[in-house]
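Below is one structure, written out as structure tokens, with a few remarks after it.
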Amino acid sequence: MKAIVREHYGGPEVIEIKDIDKPSPKSNEILVKVYATTVNRTDWGVIAGDPFIFRFFIGLFSPKLKVLGTDFAGQVEAVGEEVTMFNVGDRVWGLRDEGLESQAEYMVIKQDAGVLKIHDTLDYHQAVASAEGAHYAFNGIMKLKVKAGDKVLVNGGTGAIGSAAVQMLKYFGCYVTVVANTKNLELMKSLGADKLYNWEKEDFTLLDDEQYNFVFDAVGKSTFGKCKKLMKEGGIYISTELGPRAENVYLPLFTYFSKRKVKFPIPQKIRRSLLFVNRLIKEGKFKAVIDRTYKMEEVKEAYKYMITGHKTGNVILEIAK
Ligand SMILES: NC(=O)c1ccc[n+]([C@@H]2O[C@H](COP(=O)([O-])OP(=O)(O)OC[C@H]3O[C@@H](n4cnc5c(N)ncnc54)[C@H](OP(=O)(O)O)[C@@H]3O)[C@@H](O)[C@H]2O)c1
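Residue numbering for the sequence shown follows our numbering, beginning at 514 and increasing consecutively.
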């Protein structure tokens with residue numbers, strides 16, 4: 514089968530398309546014919562081994578997994594003898610953020626890992642675009658314990674994480690202010706933004722006079738120091754990035770007894786996120802934002818575009834038609 518592989522950590526230049534052996538499922542695994550993956554910021558962490566601490570999980574000196582890919586949508590082609598949750602022919606989607614070797618024509622995954630059946634209304638592209646960003650968005654929102662009426666500011670509402678977070682926060686009945694760029698202000702309104710700042714022209718930390726329960730920096734371009742004055746007493750700041758000098762990792766400790774706190778959302782419980790997103794999809798309350806679609810042979814271009822940091826929502830990599 515064809516697979517997108519790399520032997521070493523690096524940028525898009527280390528990527529190759531190679532013919533390798535098709536995997537076969539163990540007793541508790543399903544074999545999936547992959548139709549689509551995304552090329553996302555988690556893939557960037559996996560391919561570059563960045564931040565360095567990530568290498569303790571994915572291989573200290575060289576990557577443990579040679580095939581790239583962290584998410585997928587496809588069809589079950591075979592099942593191991595102990596598999597009870599899936600049947601041959603099921604359409605499935607999922608994620609594993611330490612790497613899943615999904616950027617290949619076939620992949621295997623344990624039946625009880627981050628994999629679910631795709632809702633009938635979704636095609637493979639929409640399904641796979643509902644995994645990675647949505648998982649981190651939900652993981653962050655779980656840290657905040659939002660309730661209806663809370664005011665939340667989302668910085669970077671246009672990213673895979675941000676665009677999912679805005680939709681989820683509206684689902685929970687929050688008032689949501691979004692910071693985005695000029696070309697995406699209408700998109701943000703369509704996702705439910707109540708108030709908008711255009712980061713290319715305005716500095717929300719200087720202009721905004723609201724008091725928020727929560728600030729969710731989904732692009733990691735702000736700091737707690739700058740956002741503190743926008744937060745109510747009891748307010749919480751979270752970011753998807755480590756921040757300058759990795760401050761978002763130690764500030765949770767330093768602000769533990771403060772009136773305004775920082776929390777760092779360590780990603781966990783992928784299956785919980787996928788189940789939640791599936792519920793929203795069924796209720797018609799979530800639609801993943803898709804930016805560009807690349808073919809498998811254009812994979813280097815897809816990675817180059819993703820690492821610009823300017824994609825809108827998700828970038829799809831089509832593996833099979
Ligand atoms: N903690 C984790 O486990 C984890 C996991 C995945 C990702 N991440 C990190 O989380 C961040 C977001 O990930 P993502 O997948 O959502 O990224 P993404 O899809 O690349 O989105 C980033 C978005 O931010 C916008 N943006 C750029 N500069 C901005 C600014 N100054 N103010 C407001 N918006 C700005 C970009 O659009 P425009 O430039 O067009 O405005 C883009 O739409 C990344 O930094 C990524 O490394 C963390």
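By construction, the Cβ of each residue, glycine as well, lies at the ideal position given by its N, Cα and C atoms.
Cβ pair E614, G587 closer than 8 Å: Position 101 of the sequence shown holds residue 614. Position 74 of the sequence shown holds residue 587. Result no, Cβ atoms of E614 and G587 do not sit closer than 8 Å.
Bounding residues of the beta strand (DSSP E) (the contiguous stretch that carries F727): Numbered from its first residue, the sequence shown carries residue 727 at position 214. Unbroken beta strand (DSSP E) run through F727: Y725 to D730.
Nearest-angstrom Cα distance between V762 and S643? Reading the sequence shown from its first residue, position 249 is the one you call residue 762. Reading the sequence shown from its first residue, position 130 is the one you call residue 643. Approximately 27 Å, taken between the alpha carbons.
Which partner residues does I543 have in the DSSP bridge list? As a working note, residue 543 is residue 30 in the sequence shown. Note: I543 sits in a beta bridge opposite V592 and I622.
Only counting the same chain, and skipping five residues up and downstream in sequence, which positions put a Cβ closer than 7 Å to that of K531? Within the sequence shown, residue 531 is the residue found at index 18, counting from 1. Once the five neighbours on either side are set aside, the close Cβ partners of K531 are A516 and V518.
Applying the 10 Å Cβ sphere with the 16-neighbour rule, what's the burial state of P792? Within the sequence shown, numbered from 1, the residue matching residue 792 stands at position 279. Strictly speaking, residue 792 in this sequence is Arg, with Pro absent from that position. Result: exposed.
Does the Cβ of G672 lie closer than 7 Å to at least one heavy atom of ligand 1? The residue labelled residue 672 in the question sits at position 159 within the sequence shown. Checking every heavy atom of ligand 1 against the Cβ of G672, one is found closer than 7 Å.
According to DSSP, is F737 part of a helix, a strand, or is it coil? For the purposes of this step, residue 737 is identified with residue 224 of the sequence shown, where counting begins at 1. Of the three classes helix, strand and coil, the one that applies to F737 here is helix, per DSSP.
Anticipated Cβ contact below 8 Å, T551 with E645, distance rounded: Mapped onto the sequence shown, residue 551 falls at position 38. Mapped onto the sequence shown, residue 645 falls at position 132. Confirmed, about 6 Å.
Could you check the C-alpha separation between G835 and E746 for me, to the nearest Å? Beyond the ends of the chain as shown, which are 514 and 834, falls residue 835; an answer cannot be given.
Going by DSSP, what residue range makes up the beta strand (DSSP E) through N827? Looking up residue 827 in the sequence shown gives position 314. Unbroken beta strand (DSSP E) run through N827: N827 to E831.
Just tell me which of V641, F737, I560 and V691 has its CA closest to the CA of D804. As a position in the sequence shown, residue 804 is number 291, starting the count at 1. Out of V641, F737, I560 and V691, V641 has the C-alpha closest to the C-alpha of D804.
Can you pull the DSSP bridge partners for N711? Counted from its first residue, the sequence shown places residue 711 at position 198. The partner list for N711 (beta bridge, DSSP) reads A693.
N761 Cβ short of 7 Å to ligand 1 heavy atom set: As a position in the sequence shown, residue 761 is number 248, starting the count at 1. Outside the cutoff, so no.
So is the beta-carbon of A731 under 7 Å away from any non-hydrogen atom of ligand 1? The residue given as residue 731 occupies position 218 in the sequence shown. The answer is yes for A731.
Does the structure place the region 532-543 close enough to the region 589-596 that three or more beta carbon pairs sit under 8 Å? yes
In the DSSP assignment, what residue or residues form a beta bridge with D532? Translated into positions along the sequence shown, residue 532 becomes position 19. Per DSSP, K515.
According to DSSP, is D556 part of a helix, a strand, or is it coil? Along the sequence shown, read from residue 1 onward, the residue named residue 556 stands at position 43. D556: helix per DSSP, three-state reduction.
Considering only residues of the same chain and omitting the five flanking positions on each side of N726, which have a CB-CB separation below 7 Å? Within the sequence shown, residue 726 is the residue found at index 213, counting from 1. Excluding residues within five positions, the ones whose Cβ falls inside 7 Å are D663, K664, V665, K745 and G748.
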